[in-house]
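Encoded as structure tokens, the structure appears first; notes follow it.
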Amino acid sequence: MVKMKKSIAFFISFIATIAFISILPLVLNPILKNLPKAKDIILPIILSIGLIFFMFFQGFLKLKWNKKLLSQSKVFLEINGDNFTKTEKSWIYLFLVLIYFAPAIANSSFKSISMTNIILFVVFLIISIFLLKYSEKTMRIIFTQEGIVVTGLDLRIDISLGHPLHNATGFYPYDMIDGYLPLQDGLELFIEYEQGKITLNTSGEEKNQILYILKQHEIEMRKYV
50 MVKMKKSIAF FISFIATIAF ISILPLVLNP ILKNLPKAKD IILPIILSIG LIFFMFFQGF
110 LKLKWNKKLL SQSKVFLEIN GDNFTKTEKS WIYLFLVLIY FAPAIANSSF KSISMTNIIL
170 FVVFLIISIF LLKYSEKTMR IIFTQEGIVV TGLDLRIDIS LGHPLHNATG FYPYDMIDGY
230 LPLQDGLELF IEYEQGKITL NTSGEEKNQI LYILKQHEIE MRKYV
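Quick note on numbering: this note's numbering labels position 15 of the sequence shown as 64, and the sequence is numbered without any gaps.
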């Protein structure tokens, strides 16, 4: 169910983004047409704005689903989510690199990179860094009667290559939790079939409450990672 919802959110967001960037030139062309080399910068700007639109559309869609679920659930405990990993953030940075420098990389000629493209790349990179930092602060891990809800305005792009996202937004019934590993300053909960994990920065009484909830649902401690 989690993977299906993730795929549905990705597909809907992708279609919405295609529609959005199809309309965007109608707005940008009159504004930018008088700038030097306007034709060279309009497409990268459209793609950069489209990338940010995709991040927000997918994030708001998942957030809406989670809010609806939480409105029907009994909440036991809520804690802050962990920070995003560098790998999770790097996908967005990689897309920006491709948007602005793909032609130069393909031709192995960096002389073709204009100063305007470099400035635009830096601007959208800084915007992305701040957006991801804001997104991190919105993330919450909520223990309910039926399972665990990871929610917030998650602006990461979940691409199924390599390691799955930590604390990927969605609803995880307790029977999906394959085990847990206690850490000095937190806990790691493993999702079945190696679909990722939920990392918790917690200690003291809060940590004991979580361990009690896990014990109540017969979730066993792992002796390995």
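Backbone N, C-alpha and C define an ideal beta-carbon position, used for all residues, glycine too.
Identity of the residues DSSP links to residue i by a beta bridge
i	result
F220	V198
V124	T193
CB of residue i within 8 Å of CB of residue j, strictly
i	j	result
F239	I259	no
F192	V51	no
D131	H215	yes
L73	I101	no
L145	F173	yes
G282	R189	The first residue shown for the chain is 50 and the last is 274, placing residue 282 beyond what the model contains.
I70	G108	no
L169	S184	no
L249	I128	yes
F105	A65	no
L110	I61	yes
I247	I197	yes
S97	I141	no
I162	A151	no
L213	Q244	Before going further, note that residue 213 is Pro rather than Leu in the sequence given. Yes, they are a contact pair.
N115	T187	no
I67	N78	no
L181	F133	yes
DSSP three-state assignment for residue i, whether helix, strand or coil
i	result
N129	strand
L118	helix
E267	coil
L214	coil
L112	helix
L204	coil
T193	strand
I141	helix
K256	helix
T134	coil
K52	helix
Endpoints, the beta strand (DSSP E) within which residue i is located
i	result
G228	226-232
T248	246-250
I168	I168 -> not in any beta strand (DSSP E); alpha helix (DSSP H) instead, spanning 164-187.
E237	235-240
Burial state of residue i (16 or more Cβ within 10 Å)
i	result
D224	exposed
Q194	exposed
E137	buried
N156	exposed
K55	buried
A58	buried
V199	buried
F103	buried
P93	buried
N257	exposed
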